[in-house]
Amino acid sequence: MLPVLSDKYYLGGVPPGFTTGTTKAPGADHAFLGCVKGLQISGTSYDPLDSTTHFGIETSCDSTIVKAGFFGEGYVEFPSFPLKKRANFGFVFRTMQPDCLLLLSAYPSRIHDDYDSKDTFGNYSVFLSEGRLHLWMDAGTGRVELVSNGTLNDGEYHVLAMVKQGRHVELRIDDKLQMSRTLQSSLVNMPGESGGLYIGGVPYDPAFTSLAKVFDGLKGVVANVVFNNQTLSFGQALNFTDVQMGRTGPAMGSQGLYTALMKTEPIGRSFKAAPEGCHRVGSYSYEPNAFKYGDKPQSYSVVTVPARNIWQRNFHIEFDFRTYYPNGILFVALGTKDKAKHFIMLALKDGVLKLTVRGRKRDQLLLAPKLNDGQWHRVALSSVKKKATLSVQIGSSHSSAQLKLPKKLNAANTLHVGGLPDEVPILPRELQPRPEAFKGCLRKFVVNNNTQDLARPGRHLHVGQCFPRIERGSYFPGDAYAIYKRNFNVGKFVEIELEVRTSEMNGLLLSVADQINGFPALSLEISNGNIILSVDNGDGNPVRLSTALPSKYTLCDNRWHNISALYEDHQMALRVNEFPPSLLLPHGTAGFGRVNTKAPLYIGGLPDAASSGTLLMRENFKGCIRNIVIRNERKDWTDMDDLHNVLLSECLAVN
Numbered sequence: 001m002l003p004v005l006s007d008k009y010y011l012g013g014v015p016p017g018f019t020t021g022t023t024k025a026p027g028a029d030h031a032f033l034g035c036v037k038g039l040q041i042s043g044t045s046y047d048p049l050d051s052t053t054h055f056g057i058e059t060s061c062d063s064t065i066v067k068a069g070f071f072g073e074g075y076v077e078f079p080s081f082p083l084k085k086r087a088n089f090g091f092v093f094r095t096m097q098p099d100c101l102l103l104l105s106a107y108p109s110r111i112h113d114d115y116d117s118k119d120t121f122g123n124y125s126v127f128l129s130e131g132r133l134h135l136w137m138d139a140g141t142g143r144v145e146l147v148s149n150g151t152l153n154d155g156e157y158h159v160l161a162m163v164k165q166g167r168h169v170e171l172r173i174d175d176k177l178q179m180s181r182t183l184q185s186s187l188v189n190m191p192g193e194s195g196g197l198y199i200g201g202v203p204y205d206p207a208f209t210s211l212a213k214v215f216d217g218l219k220g221v222v223a224n225v226v227f228n229n230q231t232l233s234f235g236q237a238l239n240f241t242d243v244q245m246g247r248t249g250p251a252m253g254s255q256g257l258y259t260a261l262m263k264t265e266p267i268g269r270s271f272k273a274a275p276e277g278c279h280r281v282g283s284y285s286y287e288p289n290a291f292k293y294g295d296k297p298q299s300y301s302v303v304t305v306p307a308r309n310i311w312q313r314n315f316h317i318e319f320d321f322r323t324y325y326p327n328g329i330l331f332v333a334l335g336t337k338d339k340a341k342h343f344i345m346l347a348l349k350d351g352v353l354k355l356t357v358r359g360r361k362r363d364q365l366l367l368a369p370k371l372n373d374g375q376w377h378r379v380a381l382s383s384v385k386k387k388a389t390l391s392v393q394i395g396s397s398h399s400s401a402q403l404k405l406p407k408k409l410n411a412a413n414t415l416h417v418g419g420l421p422d423e424v425p426i427l428p429r430e431l432q433p434r435p436e437a438f439k440g441c442l443r444k445f446v447v448n449n450n451t452q453d454l455a456r457p458g459r460h461l462h463v464g465q466c467f468p469r470i471e472r473g474s475y476f477p478g479d480a481y482a483i484y485k486r487n488f489n490v491g492k493f494v495e496i497e498l499e500v501r502t503s504e505m506n507g508l509l510l511s512v513a514d515q516i517n518g519f520p521a522l523s524l525e526i527s528n529g530n531i532i533l534s535v536d537n538g539d540g541n542p543v544r545l546s547t548a549l550p551s552k553y554t555l556c557d558n559r560w561h562n563i564s565a566l567y568e569d570h571q572m573a574l575r576v577n578e579f580p581p582s583l584l585l586p587h588g589t590a591g592f593g594r595v596n597t598k599a600p601l602y603i604g605g606l607p608d609a610a611s612s613g614t615l616l617m618r619e620n621f622k623g624c625i626r627n628i629v630i631r632n633e634r635k636d637w638t639d640m641d642d643l644h645n646v647l648l649s650e651c652l653a654v655n
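When the letters of the sequence shown are read in order and numbered with the UniProt record's numbering, they come out as residues 1 to 655.
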């Protein structure tokens, strides 16, 4: 039976948010990629561009498909290209895999019978191994191997170019020369129209086993493939399997960058359009390839340097960091089994860089400028002939100091970045109690010219993402809360002070309530643009005090506001900024009485099982909070009893 087309119908795809009460056809979630012509509906020619609603349709139809997305199991095969005296090829790619095959050109076993023993088989391959790009080429008389200077599995686009003149071969990455080698013969034969050029992976073939070091299928994209200055269309493929032609493959880099890292509400939802009258906050992206540490206990990355005895040789480590906290491990390499006491550690101590080296004896170096200012700083630690230089870039100024390394420093080639796991084989006595973990952001971590992936699967724990620019304050994305104290008693008196910044008209600021009955209880919240202080001393009849602000949009302007609240036996008081305070006195001679809570004091939100107490609405706070003072005690977030999805010192700067 044909469907009734009296209602709306869609051609080529469906719009975002499309829903239907019937079962979707297979593929309805994937828009059509290609060309359509001669469209007729009920015998009448129809031009899609005449529709009142259309998106992403072009008037011309280019048959050249210049990119393909790979998901680790597929490949594309083309006719192959011999590399004559003067030849070149290149392509654009991106991936986050450290090991994968990008391209291989050779003679498949299926065509070997077409040749005899006098024929010379050439081959060439391009692959990533431990993040570095390798180009192998053999004219049949001996292989040459070219390697990139640094790692390229960062999820960003890179351009590979191979240029061959005679026997001389050059490898360039992103227009920079990486290496050159000389072949023993100037001609690299290929089977031509019979195939043999594979991109993104290869089918199993015994003839290929020695032609590359890595055969893992690509998870990423290859685009703009060029041979001898001619663009190769993926539409010319001889065959392919498990490849998305014309698409960009899995999200990565600044688009995806391991979405599993962030357990909080997605930023697109956190910064939804504000109500009318509030300050509208646009959408924001994360800082590409920057990683956040310290929002949860045991937050660290593990980096293993391939070189053996790295600390006995010349080495160079550099990275950017940003924090408001004065203390924390930037990286540490612990000792080997034979030399458990040895280690090297770079950390922040009271806001300054501190390098500690423990070989036969302990040496340390301090670099004076205070760096816990929330700005990015570039740090470099290099060693040449056992003389270590620690330097930092602060704006246009540069500061450095030197330390002579011990003759033998038997620290392992594994670096723990940002902190240490709870369980390490041997923790030197000098690192007990263990140093504070780093609380802030790191990016561009480079060891000996190789960019390290700090979010490599299985090699990190509790690492998040970073906003581009920040200011002091911790961010609550809407599913976060802090427990100030698990057993908090309001009693006869409590004074609260804090600063908030939000674009929302509602949000929980503080709440404490008996976990069984819901009262006694006390809460402080933003409700319809006003601050409400509510107290229930145990009789189930809460007393409420509200501010009288100039407008219900006063607080949701995404600026910082100072809020003070006071509860004591003979009065309740509220004040916002410099506006006149609101006061409430008890009726008659009796006071408000004691509020014997002895329950968790929550800040910014509630877990599902917690009582709502005196709250008017159970809506978590979305925005930034800082400078919390309760009973004249200022407590840092890290000193509170528990944190859930609070982004420490990661308040997005919007001005």
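In this text, a Cβ means the ideal position worked out from N, Cα and C, and glycines have one as well.
Since the structure is predicted, the reported quantities are computational estimates derived from the model, not experimental observations.
- When secondary structure is reduced to three states using DSSP, Asp113 falls in the helix class.
- Spatial neighbours of Glu568 in its own chain (CB-CB distance under 7 Å, excluding positions within 5 residues in sequence) are listed in chain order as Lys492, Phe493.
- Measuring C-alpha to C-alpha distances from Ala161 to each of Val226, Phe592, Gln184 identifies Val226 as the nearest.
- Distances from the alpha-carbon of Met505 to those of Arg486, Pro520, Ser527, Asn487 put Ser527 closest.
- Closest by C-alpha distance to Asn489, out of Leu403, Ala482, Asp514, is Asp514.
- As a beta-bridge residue in DSSP terms, Glu525 pairs with Leu508, Ile532.
- The residues Gly217, Lys219, in chain order, have a CB closer than 6 Å to that of Gly72 in the same chain once the five nearest residues on each side in sequence are set aside.
- Taking a C-beta distance under 8 Å as the contact criterion, Ser299 and Tyr293 qualify as a contact pair.
- In the pairwise beta carbon analysis, the region 236-249 is classified as not touching the region 120-133: fewer than three pairs are separated by under 8 Å.
- Contact between Ile483 and Asp641 is confirmed by a C-beta separation of about 5 Å, below the 8 Å threshold.
- Straight-line spacing of the CA atoms in Leu171 and Phe81 works out to 18 Å.
- For Trp136, the three-state secondary structure derived from DSSP is strand.
- The three-state secondary structure of Phe579, taken from DSSP, is coil.
- Restricting attention to beta strand (DSSP E) runs no shorter than 3 residues, the region 553-609 encloses them at 561-568, 571-576, 582-584, 599-603, ordered along the chain.
- His462: not part of any beta strand (DSSP E); DSSP gives it neither H nor E.
- Distance check between Val222 and each of Arg618, Phe208, Gly74 places Gly74 closest, using alpha-carbon atoms only.
- With a cutoff of 8 Å on beta-carbon distance, Pro326 and Leu348 are scored as near each other.
- By the Cβ neighbour-count rule, Glu578 is exposed, with fewer than 16 other Cβ atoms within 10 Å of its own.
- Within the same chain, and ignoring the five residues on either side of Phe121 in sequence, the residues whose Cβ sits closer than 8 Å to its Cβ are Ala106, Tyr107, Tyr115, Gly140, Asn189.
- Between the region 553-562 and the region 644-653 there are fewer than three C-beta pairs closer than 8 Å, too few to call the two in contact.
- With contacts defined by Cβ atoms closer than 8 Å, Val144 and Arg86 do not form a contacting pair.
- If the five residues before and after Lys84 are omitted, its C-beta is found closer than 7 Å to the C-beta atoms of Leu187, all from its own chain and listed in chain order.
- Less than 8 Å separates the beta-carbon of Ala212 from that of Trp136.
- For Tyr75, DSSP records a beta bridge to Thr241.
- In the DSSP assignment, the residues bridged to Cys441 are Lys292, Arg322.
- Put simply, the region 354-363 does not touch the region 466-477. Fewer than three CB pairs are less than 8 Å apart.
- Around the beta carbon of Ala307, fewer than 16 other beta carbons lie within 10 angstroms, which makes this residue exposed.
- Met640: not part of any beta strand (DSSP E); DSSP gives it neither H nor E.
- Excluding residues up to 5 positions away in sequence, Tyr75, Glu77, Leu104 lie with their Cβ nearer than 6 Å to the Cβ of Tyr198 in the same chain.
- In the displayed model, Glu156 falls within coil according to three-state DSSP, outside both helix and strand.
- A check of alpha carbon separations from Gly277 across Leu355, Leu461, Lys552, Ser564 identifies Lys552 as the nearest.
- Per DSSP, Asn123 is one residue of the beta strand (DSSP E) stretching across 123-129.
- Across the set Asn448, Arg459, Lys67, Cys466, the C-alpha of Lys67 shows the shortest separation from the C-alpha of Gly249.
- In the DSSP assignment, His398 falls within the beta strand (DSSP E) that extends over 397-404.
- DSSP links Cys624 through a beta bridge to Tyr475, Arg501.
- Distance from the CA atom of Val535 to the CA atom of Leu574, rounded to whole angstroms, is 13 Å.
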